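102 is the number of the first residue of the sequence shown in the numbering used here; add one for each residue after it.
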Amino acid sequence: MASVHGETMYIEIRDLTVKYKDITALENIDLKIEGPGLIQVLGPNGAGKSTLLRSIAGLVKPQKGCICINGKDTTANPRLAGRSIGYVAQRPEVSKYSTITVREFLCYSYMIRRQRWPRPPCREIPHNIEPIIHEDILDRKLTELSGGQLMKTYIARSLMYAPSILLLDEPLGPMDPASKLEFADIISMLSKERLVLVTSHDPIILLEYTDKILLLNKRVIAYGRPSEVLREEVLSRAYGRGFREVEYHIHLFDSHY
Ligand code: ATP
102 MASVHGETMY IEIRDLTVKY KDITALENID LKIEGPGLIQ VLGPNGAGKS TLLRSIAGLV
162 KPQKGCICIN GKDTTANPRL AGRSIGYVAQ RPEVSKYSTI TVREFLCYSY MIRRQRWPRP
222 PCREIPHNIE PIIHEDILDR KLTELSGGQL MKTYIARSLM YAPSILLLDE PLGPMDPASK
282 LEFADIISML SKERLVLVTS HDPIILLEYT DKILLLNKRV IAYGRPSEVL REEVLSRAYG
342 RGFREVEYHI HLFDSHY
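Here is the structure:
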């Protein structure tokens with residue numbers, strides 16, 4: 102297992118089953134994911150991708166099984182998982198009554214995390230998030246941001262804690278084409294030093310940076326290099342009749358490999 106900043110980074114999932122009342126979201130997941138690198142998590146709607154990321158972040162109590170982060174059991178323990186993990190949800194939310202700006206949100210999050218109290222004047226933005234947040238949105242209110250700008254703000258916040266593992270749930274979903282390309286470069290850069298898991302319905306944008314693909318449909322359908330997973334006979338096991346929707350990706354993929 103690789104290590105950057107002297108830190109190990111790996112996730113071990115053992116026999117994990119997650120249910121929401123009578124709905125089984127994940128079933129008997131056994132997996133070891135090592136970093137650094139970029140892992141794309143693919144699968145049809147309802148396959149359990151978000152549930153997997155939330156489980157790794159310690160936000161879900163499974164019916165069965167456990168998750169270890171860097172050797173420590175962090176199952177359903179967001180505080181412990183949060184020491185190594187940055188997690189950004191699929192649809193980050195902001196109260197409509199919020200009045201704080203992006204700069205205040207980032208500064209206060211940083212200070213709270215570092216437990217600096219009383220709060221110093223809120224001006225200091227850590228340097229490691231500069232590539233993600235453009236200066237022009239720093240003084241905008243969170244409630245005034247577009248979906249893509251809000252996603253970038255939350256990703257920037259998760260990076261301020263220098264996590265060794267980053268979980269991004271459909272980060273490219275709300276972004277325009279130019280932002281997607283720009284952000285693909287940033288994700289590639291981040292995954293050189295971290296283990297980055299990204300859920301997606303479009304594997305192509307990040308494909309050239311992707312080390313492995315995890316194909317889910319409640320269970321692990323496949324986990325391996327893109328050339329092993331992005332094959333008709335493998336994808337059809339997860340997508341079934343919906344497979345045609347991603348068919349053109351295979352042709353694109355074939356042209357790359
Ligand atoms: P999508 O691609 O549509 O975002 P996904 O692969 O991320 O889907 P999940 O959001 O993990 O899938 O959902 C997996 C299953 O669990 C779905 O059947 C979903 O309806 C169900 N589910 C997810 N969250 C909840 C919840 N809080 N309460 C009840 N059911 C849930």
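All residues carry an ideal CB built from backbone N, CA and C; glycine is no exception. Given the structure is predicted, the values throughout are model-derived calculations rather than measurements.
For this session: Name, in chain order, the residues that DSSP records as bridge partners for CYS169.
Result: Listed as beta-bridge partners of CYS169 by DSSP are GLU113 and ASP174.
For this session: Kindly indicate which residue of LEU273, GLY172 and ASP286 has the alpha-carbon position closest to the one of GLU135.
Result: Taking only the C-alpha atoms, the option nearest GLU135 is GLY172.
For this session: Please classify LYS253: does DSSP put it in a helix, a strand, or coil?
Result: Annotated three-state conformation of LYS253 is helix, per DSSP.
Problem set entry | SER131, DSSP secondary structure in three states | A quick correction: the sequence has Asp, not Ser, at residue 131. In this structure, ASP131 counts as strand in the three-state DSSP scheme.
For this session: With a 10 Å radius around its C-beta and 16 neighbouring C-beta atoms as the bar for buried, classify GLY159 as buried or exposed.
Result: Buried, because 16 or more other Cβ atoms sit within 10 Å of the Cβ of GLY159.
Exercise. When burial is assigned at 16 or more other CB atoms within 10 Å of the CB, is ASP116 buried or exposed?
Worked result: By the neighbour-count rule (16 or more Cβ atoms within 10 Å), ASP116 is not buried but exposed.
Problem set entry | Distance cut-off 6 Å: GLY147 Cβ against heavy atoms of the ligand HEM | As for the ligand HEM, it is missing from this structure, which binds only the ligand ATP.
Exercise. Which partner residues of LEU268 appear in the DSSP bridge assignment?
Worked result: Bridge partners of LEU268 according to DSSP: TYR188 and LEU298.
Exercise. How about the region 299-319 and the region 194-202: do they share at least three Cβ pairs that are nearer than 8 Å?
Worked result: Flag = no, the region 299-319 and the region 194-202 do not touch.
For this session: Less than 8 Å between the CB atoms is what I'm expecting for TYR188 and LEU268, so what's the real figure, rounded?
Result: About 5 Å separates the two Cβ atoms, so the contact holds.
Problem set entry | In DSSP terms, what PRO318 is bridged to | Strictly speaking, residue 318 in this sequence is Asn, with Pro absent from that position. Paired residue(s): ARG320.
For this session: Mind checking who THR118 pairs with in its DSSP beta bridge?
Result: DSSP links THR118 through a beta bridge to LYS165.
For this session: Go to LEU181, then tell me how far its alpha helix (DSSP H) extends in each direction, as first and last residue.
Result: For LEU181, the enclosing alpha helix (DSSP H) starts and ends at 179-182.
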